[in-house]
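Enquirer: One structure is given below, represented as C-alpha cells, and several questions about it will come after.
Number of protein chains: 2
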Amino acid sequence: MQSRTPASRPGRPRSAAADTAILAATREALVELGWSKLTLGDVATRAGVAKTTLYRRWAGKNELVVDAVAELFDELELPDRGSLAADIEGVVLQFAAILARPEAKSGLMAVVAESTRDDALRERIRASIVDRQMRLVLAGRARAQRRGELPPEPDPAEAARTGDLIFDVVAGAVVHRTLVSGKPADEDWVRSFTRVLLLGLTGTS
Amino acid sequence: MQSRTPASRPGRPRSAAADTAILAATREALVELGWSKLTLGDVATRAGVAKTTLYRRWAGKNELVVDAVAELFDELELPDRGSLAADIEGVVLQFAAILARPEAKSGLMAVVAESTRDDALRERIRASIVDRQMRLVLAGRARAQRRGELPPEPDPAEAARTGDLIFDVVAGAVVHRTLVSGKPADEDWVRSFTRVLLLGLTGTS
DNA sequence: AGCTTTCGCTACGACCCGTAGCGTAATGCC
DNA sequence: GGCATTACGCTACGGGTCGTAGCGAAAGCT
Numbered sequence: 001m002q003s004r005t006p007a008s009r010p011g012r013p014r015s016a017a018a019d020t021a022i023l024a025a026t027r028e029a030l031v032e033l034g035w036s037k038l039t040l041g042d043v044a045t046r047a048g049v050a051k052t053t054l055y056r057r058w059a060g061k062n063e064l065v066v067d068a069v070a071e072l073f074d075e076l077e078l079p080d081r082g083s084l085a086a087d088i089e090g091v092v093l094q095f096a097a098i099l100a101r102p103e104a105k106s107g108l109m110a111v112v113a114e115s116t117r118d119d120a121l122r123e124r125i126r127a128s129i130v131d132r133q134m135r136l137v138l139a140g141r142a143r144a145q146r147r148g149e150l151p152p153e154p155d156p157a158e159a160a161r162t163g164d165l166i167f168d169v170v171a172g173a174v175v176h177r178t179l180v181s182g183k184p185a186d187e188d189w190v191r192s193f194t195r196v197l198l199l200g201l202t203g204t205s
Numbered sequence: 001m002q003s004r005t006p007a008s009r010p011g012r013p014r015s016a017a018a019d020t021a022i023l024a025a026t027r028e029a030l031v032e033l034g035w036s037k038l039t040l041g042d043v044a045t046r047a048g049v050a051k052t053t054l055y056r057r058w059a060g061k062n063e064l065v066v067d068a069v070a071e072l073f074d075e076l077e078l079p080d081r082g083s084l085a086a087d088i089e090g091v092v093l094q095f096a097a098i099l100a101r102p103e104a105k106s107g108l109m110a111v112v113a114e115s116t117r118d119d120a121l122r123e124r125i126r127a128s129i130v131d132r133q134m135r136l137v138l139a140g141r142a143r144a145q146r147r148g149e150l151p152p153e154p155d156p157a158e159a160a161r162t163g164d165l166i167f168d169v170v171a172g173a174v175v176h177r178t179l180v181s182g183k184p185a186d187e188d189w190v191r192s193f194t195r196v197l198l199l200g201l202t203g204t205s
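First to last, the protein sequences are chains A and B. Residue numbers for the first sequence follow UniProt numbering, so the first one is 1 and each next one is one higher. Residue numbers for the second sequence follow UniProt numbering, so the first one is 1 and each next one is one higher.
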C-alpha cells in the first residue's frame, strides 16, 4: 500500500484521516448527486479538505470513485454454510446487498464505462474490486471440490477458463438484475439462480 | 413513433436527415472521444447542425446516447438454427459482436449508470434497448417449448420469473465478460456458456 | 398571401476543471 | 534547536462546457 513511501520520507506525512474523510465524502456525494453531478470541489468541501489536497492524491474523478467504491466490497467474504448451494447463495446475497446501495449503483457502472477507454483505470478496477470477487469464486470452487460436490479439474488452463466463466455468469447476472432490469436480487431470485447455476455445473441438483 | 405529430402539424417539419446525421455523429464521437469527453457542441458540429437544433430534440446527453446506441441493436434477430443450443449460440454471438464495438461499450454502460438515478431514462433504455433483447429470449424459449427441448410452463407468473432469470443470466454474463473482465466473448466462450446454461435449464445436455 | 414551426447563428451567465502561487504546519535529520 | 523537505489550506486564474435567449430566414400548411 505504501509503495510510494519507501520507508519514511522526509517532510510532513500525508494525513491518513484526510484519506478516509475524502473517500467517505465521495460516497456521500455519490448517494446525493450521482456520478455525473459529482464534482471534486464539492467532495473536497464535504471532507473539510482543500481541493488541491484531493488532486495531490488522485489523478481525477475516475480514480477517486474507484477507491471509494472499492471499500464497499471489503465486507465480502466466503461463509461456510456446509454445502456449495448454500455457499453460493450466501455470497451472492452479500454481493447483491452491496450492489443495492445507491453509491455502488451509480459509481461502479460509471467507472466501468470509463474503463473501456482507459487501460490504467481498468487495471485499477481489476486490482481493487474484481480480483477480490474472483478469489471468492475460486475459493468456493476449491472447497466444493474438496467436498466432492464439484469434479476435480486436472488441466489448469481448463480450470482457469471454467473459473472465468462462473465468475462472469454470477457477477454478470446479479449486476444485470440489479442495474439493468432494476429488480431486487432477493432471496427468491438468488435461490432460483443458484439452482440453475448448480445444475449447469454438475448436471445434478 | 410520431405520437408528437398527431397527423401533420402546421409549420416547417423537422428534418429527418438531421436526426440520422446527429445519431451517426454521436456514435462517431463515442468512438473517438468516449462518453465523458463527448460534448453536445462537438456532436452538433460533426453532424453539420446547430447546437440549438440538438437541444430541441433531445433533453440532454443521456437521451441522445440512448437513441444512438439503440440503433446498434436493430440488427439483432433470432435465427432458426434447428436446435435450442444453436439458437442460443447464434443470438449470443450477435449480442457479443454488438457489445464489442467501442461505441456500444463506452455508451451503453454509461447511460445505464446514469439511469440508476433517473427513472425516465431507465424507462427509455428499457423501451428502446432492453425490451428488444427480452423478446428474443421469450421467442427462443417458446420455440424450444414447441420443439420439446424445454418443458412447458403452465403458470404464467412462474414463466415470467424464469424468463427474467434467463435474460439476466445471458445478457449479464456477456456484458460482464466483455466490459468487466475485458475478454472477448468468442465462439469458444459462447459454446461453454451455452452448455452450462442449457444444462442448468434442462438437466440434460 | 398569412400562419406556424424549424433552423442556423451569435451571445450570454453559470459552472466546473485543473493548476499555480503563496504562506503555514508537521515531520526527519544534523 | 535549526534546517530541509514535504503536506496543507487558501485564493485566483484561464479554459472549456453547459443550457438558454434572441434574432432573421427558410419551409411547410391552408
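Positions of the beta carbon are idealized from the N, C-alpha and C atoms, including for glycine.
1. Can you give the Cα-Cα distance for Ala16 (chain A) and Ser115 (chain A), rounded to whole angstroms?
2. Count the other CB atoms, across all protein chains shown, that sit within 10 Å of the CB of Gly82 (chain B); report buried if there are 16 or more and exposed otherwise.
3. Any idea if Thr194 (chain B) is buried or exposed, counting beta-carbon neighbours within 10 angstroms, 16 or more meaning buried?
4. Just mark Glu75 (chain B) as buried or exposed, buried being the case when its beta carbon has 16 or more other beta carbons within 10 Å.
5. Tell me where the alpha helix (DSSP H) around Ile166 (chain A) begins and ends.
6. Buried or exposed: which applies to Glu89 (chain A), given that a residue is buried once 16 or more other Cβ atoms fall within 10 Å of its Cβ?
7. Taking the alpha carbon of Gly60 (chain B) as the point to measure from, which residue in B:Pro154, B:Asp80, B:Thr39 and B:Leu93 has its own alpha carbon closest?
8. Roughly how many whole angstroms lie between the Cα atoms of Ile70 (chain A) and Ile166 (chain B)?
9. Check each residue of the segment 154 to 184 of chain B: if its Cβ is closer than 8 Å to any Cβ of chain A, include it; give the result in chain order.
10. Compare the Cα-Cα distances from Arg122 (chain B) to each of A:Leu136, A:Ser128 and A:Ser106 and report the closest residue.
11. Could you check how far apart the C-beta atoms of Leu99 (chain A) and Val175 (chain A) are, in whole angstroms? I think they sit under 8 Å.
12. Which of the residues in the segment 62 to 92 of chain A, read from start to end, lie with their CB under 9 Å from any CB of chain B?
13. Hey, could you find the ends of the alpha helix (DSSP H) Ser106 (chain B) is sitting in?
14. Return the chain-ordered list of same chain residues with a C-beta closer than 6 Å to the C-beta of Asp19 (chain A), the five sequence neighbours on each side being excluded.
15. Exposed or buried, which one is Asp155 (chain A) when buried takes at least 16 other CB atoms within 10 Å?
16. Once you ignore the five residues that flank Gly163 (chain A) on each side, which residues in its own chain have a CB closer than 7 Å to its CB?
Expert: Taking the geometry as given:
1. Straight through space, the alpha carbons of Ser115 (chain A) and Ala16 (chain A) are spaced by roughly 27 Å.
2. The residue is exposed, with fewer than 16 neighbouring Cβ atoms inside 10 Å.
3. In summary, Thr194 (chain B) is buried, with 16 or more beta-carbon neighbours lying within 10 Å of its beta-carbon over all protein chains present.
4. Under the 10 Å beta carbon count, Glu75 (chain B) is surrounded by fewer than 16 other beta carbons and is classified as exposed.
5. Looking at the DSSP string, the run of the alpha helix (DSSP H) that includes Ile166 (chain A) is Pro156 to Val175.
6. Buried, because 16 or more other Cβ atoms sit within 10 Å of the Cβ of Glu89 (chain A).
7. Closest option to Gly60 (chain B), judged by alpha-carbon separation, among B:Pro154, B:Asp80, B:Thr39 and B:Leu93: B:Thr39.
8. The identity of residue 70 (chain A) in the sequence shown is Ala, whereas the question assumes Ile. In this structure, the alpha-carbon of Ala70 (chain A) lies about 29 Å from that of Ile166 (chain B).
9. Against chain A - using a Cβ distance shorter than 8 Å - the residues of the segment 154 to 184 of chain B are Arg161, Thr162, Asp164, Leu165, Phe167, Asp168, Val169, Ala171, Gly172, Ala173, Val174, Val175, His176, Arg177, Leu179, Val180, Ser181, Gly182 and Lys183.
10. Minimum Cα distance to Arg122 (chain B) is reached at A:Ser106.
11. That pair is a contact at about 7 Å.
12. Residues Asn62.
13. First-last of the alpha helix (DSSP H) with Ser106 (chain B): Pro102 to Ser115.
14. Around Asp19 (chain A): no qualifying Cβ.
15. With a threshold of 16 other beta carbon atoms within 10 Å, Asp155 (chain A) falls short and is exposed.
16. Around Gly163 (chain A), the same chain offers Val137, Leu138 and Arg141 as residues with beta carbons nearer than 7 Å, after the five sequence neighbours per side are excluded.
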